[in-house]
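Chemist: Numbering (my numbering), first residue to last: 1 to 476. Backbone N, C-alpha and C fix where the C-beta goes; we use that ideal spot for every residue, glycine too. All of these numbers come straight from a predicted model, not from anything done at the bench. Sharing a structure below in structure tokens format, with a few things to ask.
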Ligand code: IMP
């Protein structure tokens with residue numbers, strides 16, 4: 001009747017021989033078929049964790065954020081658009097003007113789109129470019145674009161090449177480079193700002209057009225409200241965000257997203273082999289695993305159900321391996337070592353809420369409490385979050401009295417995402433080094449776990465000392 005189950009704290013990985021250094025490992029992984037991340041980290045679709053700001057910062061580091069769904073569909077899709085527009089290689093449909101428009105109109109367009117240069121198109125062909133540099137000394141706002149623009153701008157013709165674009169920026173000291181076809185029709189725009197961002201963030205997780213990756217959470221009940229807008233904003237994937245993914249309406253929602261919208265979809269959450277099988281049968285491109293491991297979660301206590309997360313991941317991976325469906329281990333990551341364990345259990349990526357809620361880029365302000373800085377973190381099944389829209393994640397209607405499955409709280413402020421993620425990823429690389437695994441795939445196949453006792457767990461944590469200088473990757 002009883003199957004033994006384990007959580008991350010019950011196990012450790014056995015170290016073994018390595019002939020390389022941790023810095024030489026590769027942490028690239030598959031989020032879902034066709035979408036690769038440069039670090040195996042996804043941020044949780046929670047209203048105190050992932051909005052556009054955090055999603056941008058995480059994707060710049062190589063991971064990906066899932067914009068939560070306690071937002072009206074239009075606002076959620078606007079935020080997706082913000083992430084997609086943050087970084088480009090070639091802007092595919094740049095905003096343009098024609099030469100009859102006035103300087104006044106150009107200023108208005110530039111300030112409403114927050115851009116500093118516009119290609120000028122006449123009869124469908126590129127005839128000039130107008131930038132804030134052309135406008136700097138222009139006091140007559142009634143002048144026409146043709147009087148102020150730079151005619152015959154330097155261009156890239158055909159399929160642009162990054163090296164040739166860089167050379168043109170340097171040689172001509174320009175900041176914008178239109179791309180045209182052989183008939184001088186505008187096909188895109190390259191900006192020096194985007195190239196600089198690519199240099200500053202060489203591991204950014206991007207789509208084939210060089211834009212940052214981003215996902216969005218949806219409910220089984222709002223597929224048709226959110227998907228058209230999200231698709232328009234070029235969302236890379238959606239996540240059916242529910243506490244009980246092994247249910248008829250979630251399976252139907254997965255099938256509907258696939259058949260009607262053709263957008264990659266993550267199904268979940270599940271915590272059993274059968275649940276994983278049903279999600280995959282419904283068409284999920286990846287399955288999210290976790291029922292009850294979240295730090296703010298009271299589901300196991302309120303409903304008496306759940307599976308310790310390490311076992312849940314192992315079971316899901318066993319089932320998903322038959323169809324090579326990726327697994328996202330969602331919840332319960334307390335330290336970087338838990339990421340190593342989740343991946344060695346077979347997951348391709350982990351989803352993180354708590355550890356990210358205290359970052360500068362998460363939604364909400366810093367709070368000072370007893371002289372220390374905090375940020376709020378709450379479950380999407382907490383009373384506050386359910387009142388703001390997430391009730392159906394837990395099978396409630398928005399109007400009934402909430403019976404929460406999560407709490408509202410605060411977590412210590414952690415500063416900026418970039419150095420924090422560096423700590424997490426370097427911890428992962430160290431784990432890979434100790435196991436002699438150079439890649440995420442090798443770690444997924446490593447399987448050399450040992451079960452530890454509570455004495456073993458105690459020994460592994462800091463003991464018999466008062467910490468006087470908290471390190472950035474450890475606190476109790
Ligand atoms: P954490 O990183 O351990 O804090 O876990 C985050 C995960 O907890 C999320 O990605 C969700 O799957 C899950 N979660 C979010 N809100 C709640 C809740 O109110 N109750 C139960 N689980 C939740």
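For the alpha helix (DSSP H) holding residue 435, just list the boundary residues, first then last.
Modeler: Residue numbering aside, residue 435 sits at position 435 when the chain shown is read from its first letter. Per DSSP, residue 435 belongs to the alpha helix (DSSP H) from 417-435.
Chemist: Would residue 265 pass as a contact of residue 235 if the rule is Cβ separation under 8 Å?
Modeler: Taking the chain shown and counting its residues from 1, the one referred to as residue 265 is at position 265. Taking the chain shown and counting its residues from 1, the one referred to as residue 235 is at position 235. No, the pair does not count as a contact, with Cβ atoms beyond the cut-off.
Chemist: If you draw a straight line from the alpha carbon of residue 463 to that of residue 454, how long is it in whole angstroms?
Modeler: What you label residue 463 is simply residue 463 of the chain shown in a count that begins at 1. What you label residue 454 is simply residue 454 of the chain shown in a count that begins at 1. About 13 Å.
Chemist: In angstroms with no decimal places, state the Cα-to-Cα distance between residue 481 and residue 333.
Modeler: Only positions 1 to 476 of the chain appear in this structure, which leaves residue 481 out of reach.
Chemist: Could you pull the DSSP bridge partners for residue 377 from this structure?
Modeler: As a first step, residue 377 must be located in the chain shown, where it is residue number 377. Note: residue 377 sits in a beta bridge opposite 409.
Chemist: Need the endpoints of the alpha helix (DSSP H) that residue 460 sits in, please.
Modeler: Position 460 of the chain shown, counting from 1, holds the residue named residue 460. Residues 454-460.
Chemist: Between the stretch 181-201 and the stretch 123-138, do three or more beta carbon pairs fall short of 8 Å?
Modeler: Verdict: yes, contact present.
Chemist: Have a look at residue 51 and residue 475 and give me their C-alpha separation to the nearest angstrom.
Modeler: In the chain shown, counting from the first residue as 1, residue 51 sits at position 51. In the chain shown, counting from the first residue as 1, residue 475 sits at position 475. Roughly 26 Å separates the two Cα atoms.
Chemist: For residue 217, which three-state DSSP category applies?
Modeler: Walking along the chain shown from the start, residue 217 turns up at place 217. Strand.
Chemist: For the candidate residues 209, 95, 205, 112, whose alpha-carbon lies nearest to that of residue 56?
Modeler: On the chain shown, residue 56 is found 56 positions in, with the first residue counted as 1. Cα-wise, what sits closest to residue 56 is 205.
Chemist: Can the beta-carbon of residue 11 be found closer than 8 Å to that of residue 43?
Modeler: In the chain shown, residue 11 corresponds to position 11, counting from 1. In the chain shown, residue 43 corresponds to position 43, counting from 1. For residue 11 and residue 43, no; Cβs fall outside 8 Å.
Chemist: At the level of alpha carbons, what is the spacing between residue 231 and residue 187?
Modeler: Counted from its first residue, the chain shown places residue 231 at position 231. Counted from its first residue, the chain shown places residue 187 at position 187. For residue 231 and residue 187, the distance between alpha carbons rounds to 21 Å.
Chemist: Got a sec, what are the start and stop residues for the alpha helix (DSSP H) residue 279 sits in?
Modeler: Start at 1 with the first residue of the chain shown, and residue 279 comes out as number 279. Residues 273-282.
Chemist: Helix, strand or coil: which one does DSSP assign to residue 249?
Modeler: Along the chain shown, read from residue 1 onward, the residue named residue 249 stands at position 249. Helix.
Chemist: So if DSSP puts residue 369 in a beta bridge, which residue, or which two residues, is it bridged to?
Modeler: For the purposes of this step, residue 369 is taken as residue 369 along the chain shown, with counting starting at 1. In the DSSP output, where bridge partners are listed per residue, residue 369 has 372.
Chemist: Shorter than 7 Å, the distance from the beta carbon of residue 333 to the closest heavy atom of ligand 1, or not?
Modeler: In the chain shown, counting from the first residue as 1, residue 333 sits at position 333. Yes, ligand 1 has a heavy atom inside 7 Å of this Cβ.
Chemist: Drop a sphere of 10 angstroms on the beta-carbon of residue 242, count the other beta-carbons inside from all chains shown, and report buried for 16 or more, exposed for fewer.
Modeler: Position 242 of the chain shown, counted from the first residue, corresponds to residue 242. Residue 242 is buried by the Cβ-count criterion.
Chemist: With 16 other CB atoms within 10 Å as the buried threshold, where does residue 156 fall?
Modeler: Your numbering for residue 156 matches position 156 in the chain shown. Buried, because 16 or more other Cβ atoms sit within 10 Å of the Cβ of residue 156.
Chemist: Could you give the uninterrupted runs of the alpha helix (DSSP H) lying entirely in the stretch 41-99, keeping only those of 4 residues or more?
Modeler: Fully enclosed alpha helix (DSSP H) runs of 4 or longer: 52-60, 73-86.
Chemist: Does ligand 2 have a heavy atom nearer than 7 Å to the CB of residue 293?
Modeler: As far as ligands go, the structure on display features ligand 1 and does not contain ligand 2.
Chemist: Which value, in whole angstroms, describes the spacing of the CA atoms of residue 291 and residue 309?
Modeler: Counting from one through the chain shown, the residue named residue 291 turns up at place 291. Counting from one through the chain shown, the residue named residue 309 turns up at place 309. Answer to the nearest angstrom: the Cα atoms are 8 Å apart.
Chemist: Please state the DSSP three-state secondary structure of residue 467.
Modeler: As a first step, residue 467 is located in the chain shown; it is residue number 467 there, counting from the start. Residue 467: coil per DSSP, three-state reduction.
Chemist: Within the present structure, is the beta-carbon of residue 475 separated from the nearest heavy atom of ligand 1 by less than 7 Å?
Modeler: The sequence position of residue 475 within the chain shown is 475, counting from 1. No, since every heavy atom of ligand 1 falls outside the 7 Å radius drawn around the Cβ of residue 475.
Chemist: If you reduce the DSSP assignment to three classes, tell me which class residue 3 lands in.
Modeler: For this step, residue 3 is matched to residue 3 along the chain shown. DSSP places residue 3 in coil when its eight states are reduced to three.
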